[in-house]
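Participant:
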Amino acid sequence: MPDTSGSTSAAAPVKGRGRFVGLKSANKQITASKQSDASSNAAVAEGPTPDSITDVVPATKPKRVVKSGTKRMVNRIPADIMENEALAKAMEALPKNYNFEIYKSVWRLRATNSKRVALQFPEGLLMFSLVIADILEEFAGVECVVMGDVTYGACCVDDFSARSLGCDFMIHYGHSCLVPIDTTLIRMLYVFVDIQIDIKHFVDSVKHNFRPGANIALVCTIQFSTALQGAREALSTDYTVIIPQTKPLSPGELLGCTAPRLQDNDYILYLGDGRFHLESIMIMNPNIPAYRYDPYSKVISIETYDTEQMHSIRRAAIREATKAKTFGLIMGTLGRQGSPQVVDGLKQRILASGMKCVEILLSEIMPGKLACFKDVDAFIQIACPRLSIDWGYAFDKPLLTPYEASVVFDTVGWQSIYPMDFYAADSLGDWTPNNPANKPLPVRKSAPSAANKHTTGVSLGAQQSTLSTTSTSACCKSKPDTNDLHARTGCCTDTQDIAQGCCSSGQ
1 MPDTSGSTSA AAPVKGRGRF VGLKSANKQI TASKQSDASS NAAVAEGPTP DSITDVVPAT
61 KPKRVVKSGT KRMVNRIPAD IMENEALAKA MEALPKNYNF EIYKSVWRLR ATNSKRVALQ
121 FPEGLLMFSL VIADILEEFA GVECVVMGDV TYGACCVDDF SARSLGCDFM IHYGHSCLVP
181 IDTTLIRMLY VFVDIQIDIK HFVDSVKHNF RPGANIALVC TIQFSTALQG AREALSTDYT
241 VIIPQTKPLS PGELLGCTAP RLQDNDYILY LGDGRFHLES IMIMNPNIPA YRYDPYSKVI
301 SIETYDTEQM HSIRRAAIRE ATKAKTFGLI MGTLGRQGSP QVVDGLKQRI LASGMKCVEI
361 LLSEIMPGKL ACFKDVDAFI QIACPRLSID WGYAFDKPLL TPYEASVVFD TVGWQSIYPM
421 DFYAADSLGD WTPNNPANKP LPVRKSAPSA ANKHTTGVSL GAQQSTLSTT STSACCKSKP
481 DTNDLHARTG CCTDTQDIAQ GCCSSGQ
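The sequence shown begins at 1 in full-length UniProt numbering and counts up one residue at a time.
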């Protein structure tokens, strides 16, 4: 046991080894140095000369040399891109407070020698797609394909369609790295589209509306993550401010189906427009008052959610599903929404219970579509839990989430706090895509073959071997104290991630 009593007594001397460590190497260095001095007559300005070394001291223990990994290279983007006046002029067509990371995108496309690039945007950013496509084609020398299918969130990354269209690179805008870049079929780059807002107005609004000393949990969508960090620094003098994190999401980031469980907070304050993402943390923390600051209207509003009513509706659906004899098991095919691993696990439980199972692939789950399956008594959807929570009452037959189905099959009991942990690494059970039981395998990237180009589909077998939703293996290692945007928000901070093409330092 080490002495921790604070005694100042001297430690016993360490006995040296009975041999001379490095003697041969030292003698070789001395000889080489003498020969070098004799030929060049160079003066030694500092330090001992080889002639001054008269003996080799026996080492007590050879010092272990540990080589660190390759250091992260900051601002590696070449000057011919960063200082390109024509490129800077073209970027003026985009909003100045929206960071589309054009410089980095051009650099990555050039560095990977990409030819055909898929651009995927959420609906709110699609208006900028053609401008960005023109810029990348002009300055990166690529052909751009704008993917116009609906993109609800980070789960809708559609690398399957991108590869089928013959693309060898994909840029996904507006969401964080929920689908790790080492599991996608082609090279990926995530652009968060960081949005600059009036942080001072946000801070002043908080100080005007919340009592000093309050314990506030700040949350947001990924676009406002930088602003959230800045606001925390400004508010910390008057409030106890935390930015919670549900890994593998970034600190403070919310998804509509994934939110943190909070402890000892007086208020939840959400920075963002709309309620969809905010509702997830309200469901997960029904007893904490929630507020929303809209950065566009600059208004703070009190938000409420009828948790009891939601629980009542969902429990009624579960009770009805317990009478079912045939279950329809729906895997969402909109991007990466579905999870074959979760589908397989639920299928085994259905069959083990003596029920029939019909597997269905759907990109959009609509009441009219499910009404066509007359012989199915209840449905379980592995796409988006909010479809069941928000719209389950609109379907003629029960439409369950994987968690609710697990209640039906007695895998887990009904939870008094409805779990919003669909993409959480520490989810309640193995019916979620990011549970350790469903950890995805890395995918080796290769250029699309001629047979794959311009086709319209990917086989289910290919999806089952590679499809996954999230992992912490290659993406989302949180280091919020760094200066890089992606590192600060919790994504892609090691050299492996940089080498794979995601989230490099600097714009």
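We treat Cβ as the ideally placed atom computed from N, Cα and C, and that holds for glycine.
Bear in mind the structure is a predicted one, so any value in this text is a computation, not a measurement.
Assign D194 to one of three DSSP states: helix, strand, or coil.
Facilitator: D194: strand per DSSP, three-state reduction.
Participant: Counting Cβ pairs closer than 8 Å, one from the region 355-366 and one from the region 287-302, do we hit at least three?
Facilitator: Contact between the region 355-366 and the region 287-302 is absent, because fewer than three Cβ pairs lie under 8 Å.
Participant: Within a Cβ cutoff of 6 Å, which residues of the same chain sit near A90, ignoring the five residues on either side of it in sequence?
Facilitator: So the list reads I135, once near-sequence residues are dropped.
Participant: Given this structure, state the Cα-to-Cα distance separating F379 from V407, to the nearest angstrom.
Facilitator: F379 and V407: Cα-Cα distance of roughly 14 Å.
Participant: Identify, in the order they occur along the chain, each residue of the same chain with its Cβ nearer than 8 Å to the Cβ of Y267, setting aside the five sequence neighbours on each side.
Facilitator: Counting only Cβ-Cβ distances below 8 Å, and skipping sequence neighbours, we find F210, A214, N215, I216, A217, I288, P289, A290 and Y291.
Participant: Rounding to the nearest angstrom, what Cα-Cα distance links E143 and R116 in this structure?
Facilitator: Their backbone Cα atoms lie some 5 Å apart in a straight line.
Participant: How would you label S225, buried or exposed, when you count the other beta carbons within 10 angstroms and need 16 or more for buried?
Facilitator: Label assigned to S225: buried.
Participant: Ignoring anything shorter than 4 residues or poking outside the region 143-202, list the alpha helix (DSSP H) runs there in chain order.
Facilitator: Runs found: 159-164.
Participant: Which term fits N97, buried or exposed, when burial requires 16 or more other beta carbons within 10 angstroms of its beta carbon?
Facilitator: With fewer than 16 other Cβ atoms within 10 Å, it is exposed.
Participant: Could you tell me whether the Cβ atoms of A231 and I195 are closer together than 9 Å?
Facilitator: Not closer than 9 Å, so no.
Participant: Quick one: give me the first and last residue of the beta strand (DSSP E) that M331 is part of.
Facilitator: Counting along the chain, the beta strand (DSSP E) containing M331 begins and ends at T326 to G332.
Participant: May I ask you to report which of helix, strand or coil DSSP gives E359?
Facilitator: If DSSP states are grouped into helix, strand and coil, E359 belongs with the strands.
Participant: Is the Cβ-Cβ distance between M420 and I283 less than 9 Å?
Facilitator: In contact: M420 and I283 (Cβ atoms closer than 9 Å).
Participant: Just to confirm the assignment, what range does the alpha helix (DSSP H) spanning T240 have?
Facilitator: No alpha helix (DSSP H) holds T240; the beta strand (DSSP E) holding it covers T240 to I242.
Participant: Under the rule that 16 or more other beta-carbon atoms within 10 Å means buried, what is Y418, buried or exposed?
Facilitator: Y418 should be labelled buried.
Participant: For I242, which residues from the same chain have a beta carbon less than 6 Å from its beta carbon, with the 5 sequence-adjacent residues on both sides left out?
Facilitator: Cβ neighbours of I242 beyond the five flanking positions: A217.
Participant: How is E138 classed by DSSP in three states: helix, strand or coil?
Facilitator: If DSSP states are grouped into helix, strand and coil, E138 belongs with the helices.
Participant: The alpha helix (DSSP H) with A88 in it runs from where to where?
Facilitator: Element bounds for A88: E85 to M91.
Participant: Does the pairing of the region 315-329 with the region 345-362 give three or more beta-carbon distances under 8 Å?
Facilitator: These segments touch.
Participant: Within 10 angstroms of its Cβ, does Q337 collect 16 or more other Cβ (buried), or is it exposed?
Facilitator: Looking at its Cβ environment, which holds 16 or more other Cβ atoms inside 10 Å, Q337 is buried.
Participant: Name the DSSP beta bridge partners of S301, please?
Facilitator: R292.
Participant: Look up T226 in the DSSP assignment and say whether it is helix, strand or coil.
Facilitator: Correct three-state label for T226: helix.
Participant: One question on the structure: do I81 and F128 come within less than 9 Å of each other, judged by their Cβ atoms?
Facilitator: Going by C-beta atoms, I81 is not nearer than 9 Å to F128.
Participant: Going by the beta-carbon positions, is the gap between P385 and C257 smaller than 9 Å?
Facilitator: Result yes, Cβ atoms of P385 and C257 sit closer than 9 Å.
Participant: Please name the residue or residues paired with N215 in a DSSP beta bridge.
Facilitator: DSSP lists T240 as partners of N215.
Participant: Helix, strand or coil: which one does DSSP assign to L460?
Facilitator: Confidence is the limiting factor: at L460 the pLDDT is only 36, short of 50, which leaves the residue's position unreliable and the question unanswerable from this model.
Participant: Report the residue from E123, I199 and I318 whose alpha carbon sits nearest the alpha carbon of Y296.
Facilitator: Ranking E123, I199 and I318 by Cα distance to Y296 puts I199 first.
Participant: Could you name the residues that DSSP lists as bridge partners for Y270?
Facilitator: V219 and R292, per the DSSP bridge assignment.
Participant: With a threshold of 7 Å on Cβ separation, who are the neighbours of F409 within its own chain once the five nearest residues in sequence on each side are excluded?
Facilitator: Taken in chain order, the residues that qualify are R349 and S353.
Participant: Using the beta-carbon count (16 or more within 10 Å), is E92 buried or exposed?
Facilitator: So E92 ends up on the exposed side.
Participant: If you check the beta carbons only, do N438 and P248 fall under 9 Å apart?
Facilitator: In this structure, P248 does not lie closer than 9 Å to N438 by Cβ.
Participant: Would a C-beta distance cut-off of 9 Å place P244 and L269 closer than the cut-off?
Facilitator: Result no, Cβ atoms of P244 and L269 do not sit closer than 9 Å.
Participant: Expressed to the nearest angstrom, what Euclidean distance is found between the alpha-carbon atoms of K298 and G274?
Facilitator: Distance between the alpha carbons of K298 and G274: 13 Å.
Participant: When you compare each of S416, D204 and T333 to residue 510 by their alpha carbons, which one comes out closest?
Facilitator: Because the chain is modelled from 1 through 507, residue 510 falls outside the range shown and cannot be assessed.
Participant: Beta-carbon within less than 6 Å of W107's beta-carbon, same chain only, minus the 5 sequence neighbours each way: which residues are those?
Facilitator: Excluding residues within five positions, the ones whose Cβ falls inside 6 Å are I77 and I81.
Participant: Taking all protein chains shown into account, decide if residue 518 is buried (16 or more other Cβ within 10 angstroms of its Cβ) or exposed.
Facilitator: There is no way to answer for residue 518, as the model of the chain reaches only from 1 to 507.
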